[in-house]
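For the sequence shown, our numbering begins at 822 and goes up steadily by one.
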Amino acid sequence: MTIGVLALQGDFDAHRRRLEELGAKVVLIKKPEQFDEIDGLVIPGGESGTFLKLLGEEGFEKLKQFVRVKPTFGTCAGAILLATEVENPKQAGLGAIDISIRRNAYGRQIDSSIREGQLLQSSLNAKPDSPLEMVFIRAPKIERIGKDVEIIATEGEDTVAVKQGRAMAATFHPELSEDTRVHQAFLALIENHRE
Ligand code: GLN
């Protein structure tokens, strides 16, 4: 399977390395025309506002079409892009996952931290409630979760990873921890959605 990593900006290379370690063929995506070659897409962390600028209206529309038909995994800024509703400030979302998300929601003092959360039992078949290291960098918070959204991981009271249909999102950076289970779950999602 070939997986694209959106490489306009942000920490795309850590995702590329992780996916290659897990045996996937990876292409760095700089232009929406490349969407045709891939079975799934990772939208990395970075600055979601900058992603929107770099994509432009046409790129955004193409990405919106893509996430409707092919598996997509967004981390941090990528999770913000996949949401239905974005706050602080308000900006456009692709609407692939029915969540409201607040940018930079942890405030300045704790804008980056490594915490232990829980990977839940889910259709992505993790063991129930197993601990998972989570790296948060100027992370957003998921403030509303639609009824068709499945919770994949939590940290304290917060939901920090979700899935709906072909799309999954994490507010943390699994590509920066050694644990490969979150990326494995995304590869499983692609397998399940291959025609
Ligand atoms: N703060 C960024 C945003 O609002 C996300 C940070 C990240 O991706 N690490 O888009």
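Glycine is no exception: its CB is placed at the ideal position from the N, C-alpha and C atoms.
Does the beta-carbon of residue i, which I'm using as the reference point, lie nearer than 8 angstroms to any heavy atom of the ligand GLN?
i, result
"ALA828", "no"
"GLU868", "yes"
"GLY899", "yes"
"ARG837", "no"
"ALA960", "yes"
"ASN925", "yes"
"THR893", "no"
"HIS994", "yes"
Counting along the chain, where does the beta strand (DSSP E) carrying residue i start and finish?
i, result
"GLY861", "861–864"
"VAL981", "979–985"
"VAL826", "823–827"
"PHE894", "893–896"
Relative to the alpha-carbon of residue i, which residue among the options has its alpha-carbon at the smallest distance?
i, options, result
"ARG936", "GLY977, VAL907, GLN942", "GLY977"
"ILE850", "PHE993, ARG839, GLY825", "GLY825"
"PHE957", "GLU841, GLY867, VAL890, GLN855", "GLY867"
"PHE1007", "GLN830, ASP832, PHE894, THR823", "PHE894"
"ARG889", "LEU829, ALA917, GLY967", "ALA917"
"PRO995", "HIS1014, ALA974, LEU1010, ALA988", "ALA974"
"LEU829", "THR823, PRO853, LYS846, ASP979", "PRO853"
Per DSSP, what kind of secondary structure is residue i in: helix, strand or coil?
i, result
"ARG959", "coil"
"ALA917", "coil"
"ALA1009", "helix"
"ALA926", "coil"
"GLU842", "helix"
Grab the span of the alpha helix (DSSP H) containing residue i for me, first residue to last.
i, result
"THR871", "869–890"
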